[in-house]
Amino acid sequence: MISNALSFVLPVTLKENPSKLKWRTRTDQYARLRFNLLIKSFLHHFDLDGLEKFLIICPQDHIADFCNLLRNITDDNRFEIINENEICPQLSENNYPIAGWYIQQILKLAAAKYMKTNFYLTLDSDIICKKYFNYSTLMLSGKAFMNIETPLDYDDLYLKSFSTREQKIKNSRLIRSSTLLNYKRKSLYKFQSYGETPAFLHTQSVLGLLNELSSLHQDWFTVLSRFKGWSEYSLYFQYLEKHNLINKLYINTGRSTVLDLDSSVWYPSATYRKKVSFTPDYILKQENSHGYFVAIQSYLDPQDWLPENVTDMGTFYKMLEETLLQIDTP
Numbered sequence: 002m003i004s005n006a007l008s009f010v011l012p013v014t015l016k017e018n019p020s021k022l023k024w025r026t027r028t029d030q031y032a033r034l035r036f037n038l039l040i041k042s043f044l045h046h047f048d049l050d051g052l053e054k055f056l057i058i059c060p061q062d063h064i065a066d067f068c069n070l071l072r073n074i075t076d077d078n079r080f081e082i083i084n085e086n087e088i089c090p091q092l093s094e095n096n097y098p099i100a101g102w103y104i105q106q107i108l109k110l111a112a113a114k115y116m117k118t119n120f121y122l123t124l125d126s127d128i129i130c131k132k133y134f135n136y137s138t139l140m141l142s143g144k145a146f147m148n149i150e151t152p153l154d155y156d157d158l159y160l161k162s163f164s165t166r167e168q169k170i171k172n173s174r175l176i177r178s179s180t181l182l183n184y185k186r187k188s189l190y191k192f193q194s195y196g197e198t199p200a201f202l203h204t205q206s207v208l209g210l211l212n213e214l215s216s217l218h219q220d221w222f223t224v225l226s227r228f229k230g231w232s233e234y235s236l237y238f239q240y241l242e243k244h245n246l247i248n249k250l251y252i253n254t255g256r257s258t259v260l261d262l263d264s265s266v267w268y269p270s271a272t273y274r275k276k277v278s279f280t281p282d283y284i285l286k287q288e289n290s291h292g293y294f295v296a297i298q299s300y301l302d303p304q305d306w307l308p309e310n311v312t313d314m315g316t317f318y319k320m321l322e323e324t325l326l327q328i329d330t331p
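Using the numbering used here, read the sequence shown as starting at 2 and increasing by one per residue.
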């Protein structure tokens with residue numbers, strides 16, 4: 002395993018599985034713009050000397066489109082586009098309907114067998130790299146930084162009613178995942194949950210997780226495709242808890258050290274305790290900002306968070322790109 006470089010894993014699609022839910026299909030409309038912005042922000046802010054592989058995973062039918070999009074941005078052959086059925090052959094053999102959100106999570110875990118680095122960083126298409134980073138800024142003595150979230154964080158960020166809702170969602174995922182692992186959570190970890198994408202995954206530990214799930218349930222893919230309510234991070238990090246690996250592999254940090262949760266468009270503006278206007282300058286602010294990435298949740302209704310005088314997401318993404326490329330990097 003390579004110890005001084007990073008790999009990145011990005012599951013993407015241009016079209017979600019058919020759904021009557023508007024929030025599910027809303028993610029399709031600007032998929033190309035989001036992909037373009039993520040890759041450009043990565044090239045602008047990451048020290049490419051530390052890149053081993055950037056793995057882009059998509060459905061077979063979308064490979065040609067993503068190749069064309071990527072070719073217009075970079076010809077670096079470390080950016081590799083691969084069929085999702087090659088990463089996880091069980092997807093093509095499966096007759097059981099799986100929601101796109103779960104496929105995305107399954108692919109992030111299945112990608113471990115393709116990694117040559119000790120750690121890989123997971124990405125989503127609605128992530129943006131907001132400031133300069135390299136291997137050393139996110140790792141310390143071979144350990145990766147890890148976002149930790151607590152009830153106090155949710156109370157600080159959101160209105161009380163929404164904070165309570167968020168805590169219930171997080172706790173539910175932790176409980177469902179611990180059931181799959183046959184694990185009773187230790188009191189040491191009782192009041193903490195783990196940050197969302199981007200997150201560092203330790204390659205050998207992900208493989209260990211999948212082996213353990215197969216040992217407990219005969220086949221890891223079948224149980225994850227049919228059992229609902231888990232998430233990749235609640236599964237993975239509780240696997241580490243169970244085997245006392247957290248402190249050996251990670252440095253526990255705050256809620257905004259990797260993903261800048263405070264600057265991300267995580268929920269509608271009205272749910273935040275403090276009034277916020279998600280302008281490009283606010284999202285990409287450099288001063289008093291610790292995180293290296295921000296998320297702009299693609300499933301949200303834009304009218305619930307777009308700043309005044311911005312009428313559509315296409316305009317907003319263009320404004321964001323202009324602001325992003327003006328940020329100086331070393």
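We put the CB at the ideal spot given by N, CA and C, even for glycine.
Using beta-carbon positions only, say whether residue i and residue j come within less than 9 angstroms of one another.
| i | j | result |
| --- | --- | --- |
| Ser290 | Ser264 | yes |
| Ala271 | Tyr234 | no |
| Phe47 | Phe80 | no |
| Leu175 | Gln106 | no |
| Phe36 | Leu70 | yes |
| Leu250 | Phe294 | no |
| Thr330 | His45 | yes |
| Met140 | Thr204 | no |
| Ala6 | Tyr136 | yes |
| Glu150 | Tyr184 | no |
| Leu122 | Val10 | yes |
Would you report the Cα separation of residue i and residue j, rounded to the nearest angstrom?
| i | j | result |
| --- | --- | --- |
| Thr26 | Ile104 | Because Thr26 sits at a pLDDT of 46, beneath the cut-off of 50, its placement in the model cannot be relied upon, and the point is left open. |
| Trp24 | Asp50 | A caution first: Trp24 carries a pLDDT of 38, below 50, which makes its placement in the model unreliable, though a value can still be read off. Approximately 38 angstroms between the Cα atoms of the pair. |
| Gln193 | Leu202 | 18 angstroms |
| Ile128 | Ile40 | 10 angstroms |
| Glu17 | Gly101 | 6 angstroms |
| Asp313 | Pro303 | 7 angstroms |
| Ile3 | Lys161 | 45 angstroms |
| Ile74 | Ile82 | 14 angstroms |
| Pro308 | Leu15 | 26 angstroms |
| Leu1 | Asn310 | In the structure as shown, the chain starts at 2 and stops at 331, and residue 1 therefore has no counterpart that could be examined. |
| Tyr159 | Tyr273 | 4 angstroms |
| Lys229 | Ser8 | 28 angstroms |
| Trp267 | Asp157 | 14 angstroms |
| Asp282 | Gln30 | 24 angstroms |
How should residue i be labelled, buried or exposed, when 16 other C-beta atoms within 10 angstroms of its C-beta is the threshold for buried?
| i | result |
| --- | --- |
| Leu217 | exposed |
| Thr316 | exposed |
| Pro12 | buried |
| Lys131 | buried |
| Leu22 | Here Leu22 scores only 40 on pLDDT, less than 50, and its place in the model is too uncertain to base an answer on. |
| Thr180 | exposed |
| Asn148 | buried |
| Ala32 | buried |
| Tyr318 | buried |
| Ser188 | exposed |
| Gln327 | exposed |
Select from the options the residue whose C-alpha is nearest the C-alpha of residue i.
| i | options | result |
| --- | --- | --- |
| Glu87 | Ala296, Ala112 and Ile99 | Ala112 |
| Asn248 | Ile328, Ala145 and Asp313 | Ala145 |
| Pro292 | Asn245, Thr198 and Leu34 | The residue asked about is misnamed: residue 292 is Gly in this sequence, not Pro. The shortest Cα separation from Gly292 among Asn245, Thr198 and Leu34 belongs to Thr198. |
| Glu213 | Ser188, Asp157 and Ser178 | Ser178 |
| Ile64 | Asp77, Glu85 and Leu262 | Glu85 |
| Leu34 | Val277, Thr118, Cys59 and Phe67 | Phe67 |
| Leu208 | Asp62, Lys109, Pro152 and Arg186 | Lys109 |
| Leu38 | Glu94, Lys243, Ile297 and Trp306 | Ile297 |
Between residue i and the ligand ADP, is there a pair consisting of the residue's CB and a ligand heavy atom that are separated by less than 8 angstroms?
| i | result |
| --- | --- |
| Ser126 | The ligand ADP is not part of the structure shown, which contains no ligands of any sort. |
Exercise. Would you say the stretch 126 to 143 touches the stretch 171 to 190, given that touching needs at least three Cβ pairs under 8 angstroms?
Worked result: no
Exercise. At a cut of 8 angstroms, does the stretch 311 to 325 reach the stretch 155 to 169 through at least three beta carbon pairs?
Worked result: no
Problem set entry | Contact between the stretch 271 to 287 and the stretch 217 to 233 (3+ Cβ pairs under 8 angstroms) | no
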